[in-house]
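Working notes, beginning with the structure itself.
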Amino acid sequence: MTTRRDTLILALAAALAAVTASARPAPDESAFDWYDGTAFTVEGTAFSEPGRAYARLPASAEGKVPGPVWNMSAHATGVNVRFVPQGDRLCFKWSVDNPDAVDAFMGPTAMTGLDVYRQEADGTWKFAANPRIYFYDRKTPGVYEMGWQPGRPCMVYLPLRTFVKSFQVGVKKGTAVAPMKPHGAARRIVHYGTSIVHGGCVSRPGMAFAAQEGRLADVEVVNLGFSGAGRMEMSMCEVVSSIDAALYVLDCDWNMDVDLQKRNYEPFVRELRKRRPDAPILLCGGCTQFEKPRAQEVFAKGVYDRLKAEDPAKWAKLHFISGVDMLPKEGEATFDFCHPNDWGSMQMGRVYAAAIRAAMGI
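Rendered as C-alpha cells:
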C-alpha cells in the first residue's frame, strides 16, 4: 500500500530527476582562449597590487585605517573589468575566499556573483547576465558561459561582498579581444561612505547605486563604502585624498551620530580641501523615505553653509545633496527603511548621477 508519505517522496524524487536532467552542462573550457582580468581595463580600484588585484585599499593601509575598514577593503565592491571581444562566445572563471557567503540582507548573486553588461551603440550600458557562483552545479563553482555579439564592449562587475582571488575571461578560441579605453582621472570619482555605498541591499553587483551612478554619469567610481564603518577618521582622509580624482563624494551620514560628526566631520572636510584644493567635494545627507532630513543631515548642511559663508572662493567647489531627494516616498524603496532595494537604488543612481554631473560640470 502506497502511503501519502511515499507518494510525496516519489514526487520529490521525480522533480529532482527532472531538474538534474534539464541542468545545463558545464562549459568546455578548452574552447576558449583565457586571459587574466588584469590584462584588460580594470576600473573601480586605485590600488591594484600583486595578490590584491581587485582590492580597494593598498597593503600599506593595514594598521593605519580602522580594522573593519581594512578587512572590508578586500571586497571587490564596484570593481569592474572592461574589454571588447570579437568572438560570439564568452566564458568567465572566478574564485572567491568564501563561495557560500550570504547574509540576512543579500543573496549569493550580490555577495559572490558577477554582473555582465553590454554597451549599446549610443554608449549606454544594458544588463546582459548575472553569473552565479554555482550556476551549473556545486562541483564547478565560479564558471559561466554565454553568447556575445562580436565587437560589442563588455563590462563585468565583480562581487560586492567578498575577496576575489582570481578572475579570468575566456574568449572563443582564435578570436581577438582588447581592453577598453579607460576613463582616466579626469572622469574618476571617489565615493566614500557606508553599507549603502557598499551595495546594501541589492540583488546583484551592477544594481548598487554607486555602480548605477557611474554608468549614468559616464565616470569611473572608486567605491570606498564600508559597511558600518564609514566614520570619517583622519586616516581615511589620507586614503581618500591619495586617489587622483575629479570629484570626492562624502557619504557617511548613516554611520555617524551627531556627537561623532562634531568630532570628525568638519576636520575631515577641511583636511580634504587642504590636500585637494582644486577638486569638487560633494557632501551627502543620508537617504531617507521620509519628508524631513535626519539630524545628521541637518548637522552636515550646517557645516556646508558655514564653510560656504566663511570663504566663498575657497569653498566654491563644495556641493551638497539632500537625502530627502534620494528615495521614492511610497515606502517600498528600501530593505529596512535604510538600505535601498533594487528599485530604491535605481532612483538613487539617477539622483547621484545628476549631482555628480553638476559638480563636475559635465
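In my numbering, the protein residues as written are 5 to 366. No residue lacks a Cβ here, since even glycine has one placed at the ideal position from N, Cα and C.
Measuring alpha carbon to alpha carbon, tell me which residue in ASP104, LYS177, ALA249 and GLN123 is nearest GLY146.
Its Cα nearest to that of GLY146, the residue ASP104 stands out among ASP104, LYS177, ALA249 and GLN123.
Quick one: what's ASP309 bridged to in DSSP?
Answer by DSSP bridge pairing: none, since ASP309 is not bridged.
Figure out for me which residue from PHE109, ASP119 and THR81 has the closest Cα to the Cα of LYS97.
Minimum Cα distance to LYS97 is reached at ASP119.
So, under 8 Å CB-CB, THR116 and ALA30 are touching, yes? Tell me the CB distance rounded to an integer number of Å.
About 17 Å separates the two Cβ atoms, so there is no contact after all.
Alpha carbon of ARG156 to alpha carbon of PHE171, nearest angstrom
ARG156 and PHE171: Cα-Cα distance of roughly 20 Å.
Decide if GLY151 is buried, meaning its Cβ has at least 16 other Cβ atoms within 10 Å, or exposed.
With fewer than 16 other Cβ atoms inside 10 Å of its own Cβ, GLY151 counts as exposed.
GLU149 (DSSP reduced to helix, strand or coil):
The three-state reading of DSSP puts GLU149 in strand, counting E and B together.
In whole angstroms, what is the alpha-carbon distance linking PRO72 and ARG60?
PRO72 and ARG60: Cα-Cα distance of roughly 13 Å.
In terms of residues, what are the limits of the beta strand (DSSP E) holding CYS256?
Counted as a single uninterrupted DSSP element, the stretch harbouring CYS256 is not any beta strand (DSSP E), since DSSP gives it neither H nor E.
Rounded straight-line distance, which links the Cα of GLY188 to that of VAL225:
VAL225 and GLY188: Cα-Cα distance of roughly 11 Å.
Check whether the Cβ atoms of PRO284 and LEU251 sit closer than 8 Å, and answer yes or no.
The Cβ atoms of PRO284 and LEU251 sit closer than 8 Å to each other.
Quick check: what's the CA-CA separation for CYS158 versus VAL175?
If you draw a straight line from the Cα of CYS158 to the Cα of VAL175, it comes to about 12 Å.
Which ranges does the beta strand (DSSP E) cover as unbroken runs of at least 3 residues, wholly within the stretch 43-72, from first to last along the chain?
Entirely contained in the stretch 43-72, the beta strand (DSSP E) runs reaching 3 residues are, in chain order, 45-47.
When DSSP labels each residue in this structure, what does MET364 get in the three-state scheme?
MET364 falls in the helix class under three-state DSSP.
Residues bridged to GLU33 (per DSSP)
Bridge partners of GLU33 according to DSSP: none are assigned.
If we count the other Cβ atoms within 10 Å of its Cβ and call it buried at 16 or more, is ILE193 buried or exposed?
Counting Cβ neighbours within 10 Å, ILE193 comes out buried, since at least 16 surround it.
From which residue to which residue does the beta strand (DSSP E) around ASN84 run?
84-89 is the span of the beta strand (DSSP E), which, as asked, contains ASN84.
Tell me which same chain residues have a C-beta within less than 6 Å of the C-beta of ALA363, skipping the five on either side of it?
A distance below 6 Å between beta-carbons, with the five flanking residues on each side excluded, links ALA363 to the following residues of its chain, in chain order: LEU251, PRO284, LEU286 and HIS323.
Classification of ALA25 by the beta-carbon crowding that lies within 10 angstroms, buried from 16 upward:
In this prediction, ALA25 has a pLDDT of 37, which is less than 50 and means its spatial position is unreliable; what the coordinates show is noted afterwards. Around the Cβ of ALA25, a 10 Å sphere holds fewer than 16 other Cβ atoms; the residue is exposed.
GLU53 to PHE139 span [Cα, whole Å]
Spanning the alpha carbons of GLU53 and PHE139 requires a straight line of approximately 29 Å.
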